[in-house]
Structure formats: C-alpha cells, structure tokens
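Chains as they are written, first to last, in our numbering: chain A, 28 to 148; chain B, 28 to 148.
Positions of the beta carbon are idealized from the N, C-alpha and C atoms, including for glycine.
All values reported here derive from a predicted model rather than from experimental measurement.
A quick write-up on the structure given underneath.
Number of protein chains: 2
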Amino acid sequence: MRRKPSELLPIELSILASAVELARIGTSEFYGYAIAKEIRDGQGAKQLTGHGTLYRALDRLAKLGLVESRWEEPELAARDDRPRRRLYRVTALGERALADGRVPDAAPAATTKLGHGLATS
Amino acid sequence: MRRKPSELLPIELSILASAVELARIGTSEFYGYAIAKEIRDGQGAKQLTGHGTLYRALDRLAKLGLVESRWEEPELAARDDRPRRRLYRVTALGERALADGRVPDAAPAATTKLGHGLATS
DNA sequence: CCAGTAAACGCATATATCTGCCTATTGACA
DNA sequence: TGTCAATAGGCAGATATATGCGTTTACTGG
C-alpha cells in the first residue's frame, strides 16, 4: 500500500482511540485481543476479520514509538488460567499522534536538520 | 454412545499407546496438542478434526485414573514463548489398562466385595 | 429385538498471539 | 498519467487448552 509515513491508518487511529478511551476510564494498559473485540463491536475499522491485521498494526505502532509493550507476568496469566497477554500502553508520542491525526516524525530532520540528510544509523 | 465402562475407546487406546511409546523413548510426560499431532499423523483414530474430542478423551482418562496431569510451570512456557501446556503422564493403572485392553475397575468390588453392594460414596 | 438414553463425536468458538502467503491498494516517480 | 513497488489487508494455520451444542452411536433394559 506504500504508506505515507506521516499519516495514521484508520485501524491505527481506532487502536489509539480505544486505548486512550480505556486509559481515561482507568485502564492504562491494554492488549490485542481486547482491542480487537472493542473495535469489532464498535465497527471501528469496518470489521477486522482475523486478528493478524490488528497484531501487525500494533507492531507498526510500536515501531513508530506510539505504543510500548511488555509481556504480562506469566504467573498472573497462569492464575487466571488463560494465555499470556502482551500489554500495551500509549506513549506521549502516541497521544500527540492521535490528537494531531498524524505521526510526529520521530527523527526530527525538520527543525535541526543536522548534516542535512546524512545517514544517522 | 452409552459407554461400556470396562472398555477403552479407540482414541483412548491411541492416546495411551502414543504416550507409552513416548515414555519408552524417554519422554515421560506428554501434552494434548503433541498427542493430537501424533495421532493425526499416524492416522490413529481416523483423524480427529477438532481438538475438543482429544481433550475430552484426556479428561476421561484422568477421571478413570489412567493418566495424571499437572500444569507446566508458567515461566517455562513464557521462556519458550508459547501457551502453557498441561502435562500428562500415564499411571501404572493406565499401563495395565493398555496392556489388558480394558479398564481395571478402579473400585474393586470384584474380589473383596465388602458389604456387597452398599453405596461406598 | 427394539426403543430409549447416555455418552462420545464433530463443529464452532473462546482465549491470546503470531506468521506465511497471496491479493489489493496506493503513494511516488518517471 | 500511468506504471512500479512497497505495504496493508485478508485468509489460513500454528501453538495450547477448553467448553457449548447438536448429532450420532451404541449399550442396556424391557
């Protein structure tokens, strides 16, 4: 789909919106399956059929630095007798991205532009 | 299907056989999914389509005392990054059942027959 | 021997995450 | 503007276990 790097896709917006809403309610961390259900119920992104799409979207958001993730403590999942969850939280960058509706470019070549275009790796 | 209590069903025989074979090789404990694959590959029980059938068979074997189960340590599953397994091992009773091809009645009303027929619950 | 019923089976789905593979879409560039 | 390529989406399946529900099978009792 040759993504435009500054724009958020509908599904990504849905995720961030759901997550921020959850955080407002009091749940600071979320996980894929729960978001999937919420999006599906709310018709957020015209129904995601499988879950693959969502998990890949989460990967993208993580790569963009808009969310952070950690694995749930294994004992907790064991106690609740269910598969282990990967817990996500929206970063400050993520919140800004949602508010702006666009990705604040993480490597700010915008203002400073050191060496203008030199490979920073 | 109105089970005859003394007989083992094909799937139950398959499970016990696979498990005992595994034990002979050196793996004393097994788990549902692995057995499912082995049975499916070996055409043990004319292909089990879903896994529900197998897990219920395992429950029955456990209830009969032919296998024992325990949950895998959560940290181990976490380290291997996969869902937690329920580990089974064939009991002595189970081995005997497999050898005999029938269930040695667990509550031996056979020989002793104390009080002949009194409710033992 | 036949009817009634208990129990096993098959299929679907829930819980959770992730990957592969093919298709559809779209931004970028000529 | 039209083509190319990068990427997102969709479907399926792997990893594990478990339950609900309708159908089928087979045992048991009359």
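- Any Cβ of chain A closer than 9 Å to the Cβ of P101/B would place that residue at the interface, and such an atom is present.
- Comparing alpha-carbon positions, the option among T54/A, R129/A, A46/A and L91/A lying closest to I62/A turns out to be A46/A.
- A straight line joining the alpha-carbon of E34/B with that of R106/B spans about 40 Å.
- If you compare the alpha carbons of T118/B, R67/B and E99/B with that of P110/A, the shortest gap goes to E99/B.
- Taken in chain order, the whole alpha helix (DSSP H) runs of length 4 or more contained in the region 71 to 112 of chain A are 79 to 91 and 101 to 107.
- When 7 Å is used as the limit between beta carbons, R111/A is near these residues of chain B: A105, in chain order.
- By DSSP's assignment, L114/A forms a beta bridge with Y58/A and R97/A.
- Within the same chain, Cβ atoms closer than 7 Å to the Cβ of S55/B are found at R116, the five residues on either side in sequence being excluded.
- Going by C-alpha positions, R123/B is about 13 Å away from L91/B.
- The three-state reading of DSSP puts R29/B in coil, since its state is none of H, G, I, E or B.
- Between the alpha carbons of S41/A and D108/A lies a distance of about 29 Å.
- Within the DSSP secondary-structure output, E34/A pairs in a beta bridge with R129/A.
- Contact between L43/A and L93/A is confirmed by a C-beta separation of about 7 Å, below the 8 Å threshold.
- Within 10 angstroms of the beta-carbon of G69/B lie fewer than 16 other beta-carbons, which makes it exposed.
- Only buried fits R112/A, as 16 or more other CB atoms lie within 10 angstroms of its CB.
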